[in-house]
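**Student:** The opening position of the sequence shown corresponds to residue 1066 in the working numbering, with each subsequent residue numbered one higher.
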Amino acid sequence: MKLTIIGTGYVGLVTGTCFAEVGHHVVCVDNDAAKVKILQAGGLPIYEPGLEDLVRKNVAADRLSFTNSTAEGVEKSDVIFIAVPTPPQPDGSVDMSFIERVAREIAGAMTSYKIVVDKSTVPVKTGDQVAETIKRYCKTKVEFDVVSNPEFLREGFAVDDLMKPDRIVIGVRSQRPVAAMRQVYEPFNAPIIVTDINSAELIKHASNSFLALKISYINAIAVLCEAAGANVSEVAAGMGMDERIGRRFLNAGIGFGGSCFPKDLSAFIKIAEQIGYDFRLLKEVQRINAEQMDRFVKKITETLWVLKGKTIGVLGLAFKQNTDDVRSSPAIELCQRLLKEGATLRVHDPKAMDKAKAILPGVTYVDDMNAVADGCDALVVATEWDEFKKLDTDRARKALTHPIMFDGRNLFDAAEMEAAGWIYKSIGR
1066 MKLTIIGTGY
1076 VGLVTGTCFA
1086 EVGHHVVCVD
1096 NDAAKVKILQ
1106 AGGLPIYEPG
1116 LEDLVRKNVA
1126 ADRLSFTNST
1136 AEGVEKSDVI
1146 FIAVPTPPQP
1156 DGSVDMSFIE
1166 RVAREIAGAM
1176 TSYKIVVDKS
1186 TVPVKTGDQV
1196 AETIKRYCKT
1206 KVEFDVVSNP
1216 EFLREGFAVD
1226 DLMKPDRIVI
1236 GVRSQRPVAA
1246 MRQVYEPFNA
1256 PIIVTDINSA
1266 ELIKHASNSF
1276 LALKISYINA
1286 IAVLCEAAGA
1296 NVSEVAAGMG
1306 MDERIGRRFL
1316 NAGIGFGGSC
1326 FPKDLSAFIK
1336 IAEQIGYDFR
1346 LLKEVQRINA
1356 EQMDRFVKKI
1366 TETLWVLKGK
1376 TIGVLGLAFK
1386 QNTDDVRSSP
1396 AIELCQRLLK
1406 EGATLRVHDP
1416 KAMDKAKAIL
1426 PGVTYVDDMN
1436 AVADGCDALV
1446 VATEWDEFKK
1456 LDTDRARKAL
1466 THPIMFDGRN
1476 LFDAAEMEAA
1486 GWIYKSIGR
């Protein structure tokens, strides 16, 4: 099929590339001319495991191309996916200006029937607004359908998630676009759920909010574990063996972040408020998440006493492993709070240092994770990169003025670290 993806961020670029990988012909559109030039030259503006090779392969096979012209994308395709940002506004609601602008651009370029698909995470009833916008601005008055097709991609695992999805959700106002949407996703061999548009839009926000709830729940349990002398990792393992609960998203840490969970949680609370429901449960999820960072910073200050004049090594800047995304990163927030207290920082991240430099100046960026501890008073693990589990802890212990580690992601075995002479502080253990 001929498909267009408008927006080449983490969602749009991965979606378009994977669609091309299964045989569709895909045009990716972005209004950022510099980004399009990077993509046309064979480069990538983001890091996502496995993506670069797939982009090059499908560009070479002439199944994937890039342009900054929405009109070109609309003309060349039968199905047009909107995958542009939906950033938060100060009150927690969603800024819909990117969606609205793209809907107008699509409307102005349409000369035949098109299926317009909302892939961006949007508030419930957005499909109605997109349909009304296209109707108003389409000069040729051709027929069209608007579909909701939420994404369920995890940054760092997005290619695998798209190539092997656990479900495909398709929200429609009529049955007309269903056959085409099934054809789009047929190569992925995944269960397809067809719903009304409003339900599809709610599924995305409800899913992300529930996952955020699981993280805050286990972080609250971690507080109890510390007070009771228990081990949150063992508690989570015991809980996770219950198939009704599951082990995923039950890892205690310094809190969730990134471009999705905080934004989607705030948006869902605001959406509920606008409909007339006070979603107090999700407000508590937010509170627990904020307090988790407070508790971790307190753990550092109680151990080091005065942070002013101290040098602290920080492992991790991305909001999670396997990505270079630093948006709403707990690791970045932690660094900013330590700097505010007067600490000097030496930091390392396998992929996110270039992007972090724009928002975290005044720190020393270290290329070798094993050199981060050199001359430091303590070491902090802030992101759960697998590479950090291979840290030369003997070297780090000797490089520190005193062997102190604050493990915000529970990467190391507490008993082993303490036996090796570390003052080791983790989460809920």
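Heads up, the beta-carbon is just placed ideally off N, CA and C, and yes, glycines get one too.
Bear in mind that the values here come from a model prediction, so they are computed numbers and not experimental data.
1) Which class does residue 1183 belong to by DSSP, given the choice of helix, strand or coil?
2) Tell me the rounded alpha-carbon separation between residue 1389 and residue 1153.
3) Are the segment 1094-1101 and the segment 1069-1083 touching, with three or more C-beta to C-beta distances below 8 Å?
4) Quick test of the definition: if touching needs 3 or more C-beta pairs under 8 Å, does the segment 1284-1291 touch the segment 1324-1340?
5) Which word fits residue 1365, buried or exposed, when buried means at least 16 other C-beta atoms lie within 10 angstroms of its C-beta?
6) Does at least one heavy atom of the ligand FAD sit under 7 Å from the Cβ of residue 1164?
7) Residues in the same chain with beta-carbon distance under 8 Å from residue 1226, minus the five sequence neighbours each way, listed in chain order, please.
8) Would you say the segment 1103-1111 touches the segment 1161-1174, given that touching needs at least three Cβ pairs under 8 Å?
9) With three or more C-beta pairs closer than 8 Å as the rule, is the segment 1402-1419 touching the segment 1368-1384?
10) From the DSSP output, read off the bridge partner residues of residue 1236.
11) Classify residue 1489 as buried or exposed, calling it buried when 16 or more other Cβ atoms lie within 10 Å of its own Cβ.
12) Could you tell me the distance, in whole angstroms, from the CA atom of residue 1476 to the CA atom of residue 1448?
13) Of the residues 1205, 1087, 1157, 1144, which one's Cα is nearest the Cα of residue 1181?
14) Classify residue 1467 as buried or exposed, calling it buried when 16 or more other Cβ atoms lie within 10 Å of its own Cβ.
15) Residue 1146 to residue 1193, Cα distance in whole Å?
16) Could you name the residues that DSSP lists as bridge partners for residue 1470?
17) Report the residue from 1250, 1222, 1260 whose alpha carbon sits nearest the alpha carbon of residue 1238.
18) Give the straight-line distance between the Cα atoms of residue 1212 and residue 1179, rounded to the nearest whole angstrom.
19) What are the uninterrupted segments assigned as beta strand (DSSP E) that are 3 or more residues long and contained completely in the segment 1308-1396, given in chain order?
20) Give me, in chain order, the residues of the same chain whose beta-carbon lies closer than 8 Å to that of residue 1243; leave out the 5 immediate sequence neighbours on both sides.
21) Counting only the same chain and skipping the five closest in sequence on each side, list residues whose C-beta sits under 7 Å from that of residue 1454.
22) With a Cβ-Cβ cutoff of 8 Å, do residue 1416 and residue 1112 count as a contact?
23) Could you check which residue in 1419, 1271, 1086 has the C-alpha nearest to that of residue 1229?
24) Tell me the rounded alpha-carbon separation between residue 1441 and residue 1376.
25) Note down, in chain order, each residue of its chain lying with its Cβ closer than 8 Å to the Cβ of residue 1156, except the 5 sequence neighbours on either side.
26) Is the Cβ-Cβ distance between residue 1410 and residue 1438 less than 8 Å?
27) CB-CB under 6 Å to residue 1223, same chain, minus the five flanking residues each way: which ones, in chain order?
**Tutor:** So, from the data block:
1) strand
2) 21 Å
3) yes
4) no
5) buried
6) No copy of the ligand FAD occurs in the structure displayed, which carries no ligand at all.
7) 1217, 1218, 1219
8) no
9) yes
10) 1213, 1260
11) buried
12) 9 Å
13) 1144
14) exposed
15) 16 Å
16) 1444, 1489
17) 1260
18) 11 Å
19) 1376-1380
20) 1235, 1237, 1259
21) 1476
22) yes
23) 1086
24) 5 Å
25) 1335
26) no
27) 1079, 1113
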